[in-house]
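Below is one structure; the comments refer to it alone.
The structure is reproduced here in structure tokens:
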């Protein structure tokens, strides 16, 4: 779902990957409509820190958004970034993925 620009894209992903998704859930009624997906996701009030802990514990790859109100974490990340720039990036402290996309209005 990376690269999805809205609820419709997530619904489309579900239709395209339905066979694969059925490995995890039966989806007897098929993929929910995009407005249903939006309502469900918007009602989730999960603790971001708990989600991050689970992701790290399972050794999964995931990107968490860093918002401006996380000023302490933002400062730590900026310090790490500057240290890596000074000392050099290695496979142990850096991985890069670039996506070029257009049409974001």
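Residue numbers (full-length UniProt numbering): 1 to 105. Even for Gly, the Cβ is constructed at its ideal location relative to N, Cα and C.
Item: Whether residue 41 touches residue 11 by CB criterion (8 angstroms); Value: no
Item: Delimiting residues of the alpha helix (DSSP H) encompassing residue 5; Value: Looking at the DSSP string, residue 5 is not in any alpha helix (DSSP H), and its letter there is neither H nor E.
Item: Minimum Cβ-Cβ distance from residue 41 to chain D less than 8 angstroms; Value: No chain D appears in this structure, which consists of one protein chain only.
Item: Alpha-carbon spacing of residue 4 relative to residue 35, whole angstroms; Value: 15 angstroms
Item: Alpha-carbon to alpha-carbon, residue 80 and residue 74; Value: 10 angstroms
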